[in-house]
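For the sequence shown, the positions run 7 to 128 when the numbering used here is used. The C-beta atom is built at its ideal place from N, Cα and C for all residues, glycine as well. Fair warning: this is a prediction, and the values are worked out from it, not measured in the lab.
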Amino acid sequence: MSGEKLYIEKYQPLAELGIQLTSAAEIEVVKKYINRQRNENDAENPDILQCIFRQSTAFKETDEFLATCRTFSCSTALRESSFSALTRIDRPQTPQRKSMLHPRLANLTHLAFEKENKKHKY
7 MSGEKLYIEK
17 YQPLAELGIQ
27 LTSAAEIEVV
37 KKYINRQRNE
47 NDAENPDILQ
57 CIFRQSTAFK
67 ETDEFLATCR
77 TFSCSTALRE
87 SSFSALTRID
97 RPQTPQRKSM
107 LHPRLANLTH
117 LAFEKENKKH
127 KY
């Protein structure tokens, strides 16, 4: 992750989802801090997440925003993985199953998936 990724304008779609963005003033301070770390350590690409984590009390908004983004991307990947698994079940590679007919297995899978969704919503 480079300092150029900290331009808050790039994250406006997340604001539309209800995620609170970091203030522009704090982002400017964070950018200066990261550049200073780069100069002091003579490092081309310091680990920005570690830099901000070490200063999480000073950069509270930015730390919370980055934590939300990491969580959001993980949960999105989990959902995509679930849908990929459902697709594999919906389109079996073999024309016939030996233990259970395809429509029954597909319907049971969809019911289980809906049950999990309902459990987490309430």
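Pairwise C-alpha distance: residue j and residue i
i, j, result
"P109", "N41", "58 Å"
"E70", "A21", "14 Å"
"A30", "L114", "49 Å"
"A73", "R60", "14 Å"
"L23", "H116", "27 Å"
"A64", "Y39", "11 Å"
"K16", "K66", "20 Å"
"D53", "V35", "17 Å"
"Q18", "T77", "17 Å"
"I25", "E120", "26 Å"
"Q43", "L55", "12 Å"
Reference residue i; option with closest CA among the options
i, options, result
"T68", "L111, T28, R44 and R76", "T28"
"E32", "S62, Q18 and C75", "S62"
"K37", "I58, T77, R76 and E120", "I58"
Three-state secondary structure (DSSP) of residue i
i, result
"D53", "coil"
"T63", "coil"
"L72", "helix"
CB contact check: residue i to chain B, cutoff 9 Å
i, result
"T77", "Protein chain content of the structure displayed is limited to a single chain, and chain B is not contained in it."
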